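Trainee:
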Amino acid sequence: MKTTLSKPVLLFASLLCTVAIAQAQEPPPPELPALPPVSWEAPPLEPFTATYQALYKGKEAGDATMRVTHTGGDQWRVDMQVIGRKGFASVLGLNLEQSTVFEKHGTTYVPISQATVRKGLFLGKKVSGTYNWQAGTAQWLGDLKKERTQPIPLQPGDQSALLINLAIMRDARPGGQMHYRYVDVGRVRQHDYQAAPDTENVQVGELSYNALRVHRTNGGNDETILWIANGVPTPVRILQREDGEDRIDLRLIEYQGV
Numbered sequence: 001m002k003t004t005l006s007k008p009v010l011l012f013a014s015l016l017c018t019v020a021i022a023q024a025q026e027p028p029p030p031e032l033p034a035l036p037p038v039s040w041e042a043p044p045l046e047p048f049t050a051t052y053q054a055l056y057k058g059k060e061a062g063d064a065t066m067r068v069t070h071t072g073g074d075q076w077r078v079d080m081q082v083i084g085r086k087g088f089a090s091v092l093g094l095n096l097e098q099s100t101v102f103e104k105h106g107t108t109y110v111p112i113s114q115a116t117v118r119k120g121l122f123l124g125k126k127v128s129g130t131y132n133w134q135a136g137t138a139q140w141l142g143d144l145k146k147e148r149t150q151p152i153p154l155q156p157g158d159q160s161a162l163l164i165n166l167a168i169m170r171d172a173r174p175g176g177q178m179h180y181r182y183v184d185v186g187r188v189r190q191h192d193y194q195a196a197p198d199t200e201n202v203q204v205g206e207l208s209y210n211a212l213r214v215h216r217t218n219g220g221n222d223e224t225i226l227w228i229a230n231g232v233p234t235p236v237r238i239l240q241r242e243d244g245e246d247r248i249d250l251r252l253i254e255y256q257g258v
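Numbering-wise (our numbering), the sequence shown opens with residue 1 and increments by one.
(1) Kindly indicate which three-state DSSP category T149 falls into: helix, strand or coil?
(2) Can you have a look at A167 and say buried or exposed, based on whether 16 or more other CB atoms are within 10 angstroms of its CB?
(3) Kindly indicate the opening and closing residues of the beta strand (DSSP E) around N132.
(4) Rounded to whole angstroms, how far is the Cβ of E254 from the Cβ of T51, which I believe are closer than 8 angstroms?
(5) Would you mind stating whether L250 and A54 have Cβ atoms separated by less than 8 angstroms?
(6) Can you give me the Cβ contacts of D246 inside the same chain, cut-off strictly under 7 angstroms, excluding the 5 residues immediately before and after it?
(7) Alpha carbon to alpha carbon, how far is A61 from V185? Give it in angstroms, no decimals.
(8) What is the rounded straight-line gap between the Cα of A115 and the Cα of S39?
(9) Could you tell me which residues DSSP puts in a beta bridge with M80?
(10) Is K2 helix, strand or coil when you go by DSSP?
(11) Taking only three categories from DSSP, how would you classify E242?
(12) What would DSSP say about R173, mapped onto helix, strand or coil?
(13) Helix, strand or coil for L166? Go by DSSP, reduced to three states.
(14) May I have the straight-line CA-CA distance separating Q159 from P151, to the nearest angstrom?
(15) Between E147 and the rest of its own chain, which residues show a CB-CB distance below 8 angstroms, the 5 nearest in sequence each way excluded?
(16) Whose CA, out of T217, S128, N201, lies closest to the CA of N210?
(17) Taking DSSP as the reference, what is the three-state secondary structure of A54?
(18) Is A195 helix, strand or coil by DSSP?
(19) What's the C-alpha gap between V236 and A196?
(20) Mapping DSSP to helix, strand and coil, what is A229?
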């Protein structure tokens, strides 16, 4: 059977041939130089105040503030306050104040004292602890079980919960691993973290960050995930999950140097 092409189809085919011939005659465009990979720079330890939106089980629940202050010489202080303002957040204990006084020795953060105050219906608790490096022990007093008020032998590099956040900001690199010994509120735990190989876009409110995802690898059913961004001294998001479900989600609203 003989097939006849209509004029529009022939015209289109002719144009394709013309373009192909013209492209064959033209020299290939020069290759553009490859863009260099984005370098990752750890933020220096500097005073700042950061404000977070706090979500509880996926619903807006209140706000949080993280603050780092330089108290003189080698001594610093980091504070975190989470305030539940909506729903059952305050009843369920989403009212937490934590602080750690520490010293900066080179690039090492050395805890000196720690305090925790939790407020909520049937959940009130006040605890304070001291890291006595001369004696080589840490000890907590307050609303704790007896076994958690016993002295804990210290090891170089031991960190409080808040100091681990700052240490991750200092240590994280794409694809890197981080290992810390958590000594806080009468407990000792190993905390191991893994950073993603590449950054990802993270939407936090109206802002978008090119952030590095860091997650704890040995938390069992309790997951901790942080997203950190170049040039930002504090995590842009901190997510705690239990049994595969979001529990406390802190999302950065603003931060400023002090």
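Backbone N, C-alpha and C fix where the C-beta goes; we use that ideal spot for every residue, glycine too.
Since this is a predicted model, take the numbers as computed values, not measurements.
Mentor: Taking the coordinates as given:
(1) helix
(2) buried
(3) 125-132
(4) 5 angstroms
(5) yes
(6) K57, G58, L239
(7) 25 angstroms
(8) 37 angstroms
(9) M66, Q98
(10) Residue confidence is low: K2 scores 39 on pLDDT, short of 50, so the model does not pin down where it sits. No coordinate-derived value is stated.
(11) strand
(12) coil
(13) helix
(14) 16 angstroms
(15) G186
(16) N201
(17) strand
(18) strand
(19) Going by the C-alpha atoms only, they are around 15 angstroms apart.
(20) Here A229 sits in strand by DSSP.
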